[in-house]
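Only one structure is covered here, and it is reproduced in the block below.
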Amino acid sequence: MFDLRYLYNTVYFKRGGMVFICPGDHIPVEEQAKRLQFLWDIAPILNAAILVVEQRYIGQSLPFGEESFKNSSMLSSLTIDNILYDNERVLDYFHKHNLNNVTIGAIVSVGVGYAGLIASWRLSNEQWSTVTQGKWISSSPLYNFGIGGVPVGAFDYALTESLAKHCDRDKLTRLIRLIDYMSNTTEGCEELASTFKLDPGTNLNREYEMRMFKQFVYDGLLGLVTNNYPYPTSFTGQSLPSWPLQQACKVFNSGREELQELYEIVNSYYNASGTLTFHCITPEKCGLQIKFKLNQQLVINYQLCTQFRQLRCHQGHDNDIFWPECNQDNIEHVIGKYCETTFKDSANSKSEFHVTADTYAQDVLRGQNMIFTLAEYDPNSVASLQYRNLRRQIFVFRMHESATGLELLQPNTCDPVSVVNTRVQIVKVLKCWLHYSPNDDCEPETMQTRLPKTNKGISESSHEKQTCQPIVRGYPWNVGLEAHGPTVNSFREPPMGDEMRTKPGTIITVVCILSSIFVHIM
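In my numbering, the protein residues as written are 8 to 529.
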């Protein structure tokens, strides 16, 4: 038995309303809730309650306390079945203790990226078999598990294409490959450490530290793409300006060609505030938040080596700008070798690697009542569902100028019009699932329309001239309502400034109060 934490909001819930259940991600539940603020914005429209579940082995939800990360055998309960079980147990507990067993009109699972994978899979509890169930899956790599025929280099190809929209691709390629060349000599390693302002104790002559350095560079470039939002953001301690990719590429495209420029673009992700004097790339040597970062990466790596083996890697050459790692034929061998080295005491088998594709991913292929949102600036979108099926109420929205999960953040005056339009259409779908719209407004063929591609004058190219402001309770955000039906209740101001009255903690945002509580998992 252990305590598993969840956050919830029931301010707007009414009998017959909707429950949004948000499965855990690889970040503490408070941070995850910050990325789902749109749900609070539309909760009054849908009489909705919101439930965000912390994943086991993340944050304060540790099955074996401080011993949870001692070795891979302690991680053996980190399975898909257990994660799904956790979510169902918390939902049952929440329904009984926080909603007093009142009737629920619909349950919608919502998740971004990895959490979207969990959200895409089934609720097997018979208790919910008579309740309308839907899923909202944002930028999740559903088909990276061997069933979708996604090339192993597709993710990095898409990442490279996004980078190349604003940064000189050939120049990026040359400078990244230069790292490989310099890593062959002690002098080259020392110059890399100096140029990138690495922790003075870093020794890039060690294979492990060079691997961590390359990952540091890669993650910096990836972070600029997936967090390329039209207004300043701050998630998990990472503060970025509006359109960070474009701003970084302005410096990079200056005409010089020096390794210093690659450092500057990577540094713009990790150190946008300019307060860091050096970068720590080996977590064992770092101080701040080191324990969380180490444990978080261990969880991700363990899942990669067991049931969440995603078939993707850098291919280099014509495919992407990165260092070649594998190809379509040897990827399982390459990943398997890494896993064998990393988790020597873990009894993994090939059959376990394929359990996701063979068992869980099939749920999506047979599913109905699904919303897929795909972002232009998210490489995961290449492995998501690409085609809608209106008969089964499967909707796919491809959003121009959007980064990872932007549609689930708090609405803002600087949001691209494709994102605003997507939100309006999704509210319509959700209302139909709740039977809150007129019957003639919920015919599948009329529930989705084509998205506009441009922002009618408000675009990334003019971000410096914009004043971006959050829009609270602004539905329908100046998008015509003729085809979207009425809202189901009037505006209700959320309680603000209440004392922290939860156990054990509370986060208060501009639009909601979230209560935090634990449930015992057997």
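Don't be surprised by glycine CBs; every beta carbon is placed ideally from N, CA and C. For clarity, every value in this text was computed on a predicted model and none was experimentally measured.
- Linking G323 to V273 through their CA atoms gives a straight-line distance of about 19 Å.
- When beta bridges are read from the DSSP output, P477 appears opposite N419.
- Counted as a single uninterrupted DSSP element, the beta strand (DSSP E) harbouring V117 occupies residues 113-119.
- With a minimum length of 4 residues, the unbroken runs of alpha helix (DSSP H) contained wholly in the segment 73-129 fall at 87-104, 121-127.
- Just measuring C-alpha positions, the residue of L416, R398, E264 sitting nearest R181 is E264.
- As DSSP reads the structure, F71 sits in no beta bridge.
- Rounded to the nearest whole angstrom, the C-alpha separation of M219 and Y150 is 27 Å.
- Proximity to T456 across R480, L441, Q417, R405 peaks at R405, based on C-alpha coordinates.
- For W440, the secondary structure class from DSSP, reduced to helix, strand or coil, is helix.
- Contact between V431 and P477 is ruled out by a C-beta separation of about 17 Å, above the 8 Å threshold.
- In this structure, A113 keeps its C-beta atom at 7 Å or more from the C-beta atom of T137.
- The Cβ neighbour count for T474, taken over all protein chains shown within 10 Å, is under 16; the residue is labelled exposed.
- In this structure the segment 279-288 lies against the segment 191-211, because at least three pairs of beta carbons, one per stretch, are closer than 8 Å.
- Straight across, the Cα-Cα distance linking E74 with V224 is about 31 Å.
- DSSP places N274 in the uninterrupted alpha helix (DSSP H) bounded by 266-277.
- The segment 416-423 and the segment 390-397 do not touch, with fewer than 3 CB-CB distances between them shorter than 8 Å.
- Note on geometry: alpha-carbon atoms of F152 and R395 lie some 20 Å from one another.
- Beyond the five residues adjoining it in sequence on each side, V258 comes within less than 6 Å, by CB distance, of E271 in the same chain, given in chain order.
- Judged by DSSP in its simplified three-state form, D10 adopts strand.
- Listed in chain order, the non-local C-beta contacts of D187 below 8 Å within the same chain comprise W330, local neighbours out to five positions each way being set aside.
- For the 7 Å CB-CB criterion, L82 and Y309 form a contact.
- Sixteen is the threshold: when 16 or more other Cβ atoms of the shown chains lie within 10 Å of the Cβ of Q303, as they do, the residue is buried.
- At least 7 Å separates the beta-carbon of W135 from that of V117.
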